[in-house]
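K.L.:
Just so you know, we're using UniProt numbering here: the sequence shown kicks off at 1 and counts up by one. Using N, Cα and C, we set each Cβ at its ideal position, and we do this for glycine too. Being a predicted model, the structure only gives us computed values, none of them experimental.
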Amino acid sequence: MTKTITLAVSGSISAYKAADLSNRLTKLGYDVHVLMTQAATAFITPLTLQVLSKNPVHVDLMQEEDAKRINHIELAKQTDLFILAPASANTIAHLAHGFADNMVTAVALALAEDRPKLLAPAMNTKMYDNPITQANLQILKENGYDEIEPRSSVLACGDTGRGALAELDIIVKKIEEKVYE
1 MTKTITLAVS GSISAYKAAD LSNRLTKLGY DVHVLMTQAA TAFITPLTLQ
51 VLSKNPVHVD LMQEEDAKRI NHIELAKQTD LFILAPASAN TIAHLAHGFA
101 DNMVTAVALA LAEDRPKLLA PAMNTKMYDN PITQANLQIL KENGYDEIEP
151 RSSVLACGDT GRGALAELDI IVKKIEEKVY E
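Here's what the structure looks like:
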């Protein structure tokens with residue numbers, strides 16, 4: 001039986017890596033459905049992710065293609081594993097505090113409790129290490145999210161430190177471990 005991976009992409013320079021992640025997961029036989037925040041579309045186009053996932057990409061929470069179904073609820077029901085990669089500080093904060101103001105957070109909040117949920121943060125070191133971000137990550141961990149920790153690297157801003165998106169091989173491995181638990 002084909003497993004459905006919901007790949008949520010938020011506004012980080014690492015959003016471009018979602019193309020490769022989507023492509024890898026599709027080639028592994030997963031049914032990949034992509035959600036994007038509006039900020040993510042500034043870094044990578046929905047069309048790119050649609051071509052690679054072979055499924056429509058969902059950005060607008062209020063766009064309902066079928067009047068008989070509520071899109072974000074149906075997407076949550078179909079999800080076997082949810083991953084937010086990259087996870088920006090903003091989207092982490094929204095999730096931790098229950099905001100459902102975009103497609104990513106609305107689907108995440110509608111997920112069944114037993115669904116595996118992963119997040120792979122990507123942001124500036126100071127943003128990642130900020131006590132507020134760390135507290136938000138702790139809230140999400142207490143609510144069933146597993147963090148794929150960022151790596152240390154030279155970041156897009158030129159700073160060096162922890163905050164770069166984890167290597168895609170590590171992310172794919174974690175997805176495969178979790179989806180079949």
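1) Which complete beta strand (DSSP E) runs does the region 2 to 43 hold, if anything under 3 residues is left out?
2) Grouping DSSP H, G and I as helix and E and B as strand, with all else coil, what is Y145?
3) Could you give the C-beta distance for A85 and L21, rounded to a whole number, given that I count them as a contact under 8 angstroms?
4) In terms of residues, what are the limits of the alpha helix (DSSP H) holding K174?
5) With contact counted as at least three CB pairs below 8 angstroms, one residue from each stretch, are the region 84 to 101 and the region 136 to 148 in contact?
6) In chain order, which continuous runs of the beta strand (DSSP E) of length 3 or greater are located wholly inside the region 108 to 164?
7) For P116 versus V179, is the C-beta distance shorter than 9 angstroms?
P.N.:
On the basis of the coordinates in this document:
1) 4 to 9, 31 to 36
2) strand
3) 6 angstroms
4) 168 to 179
5) yes
6) 117 to 121, 145 to 147, 151 to 154, 160 to 164
7) yes
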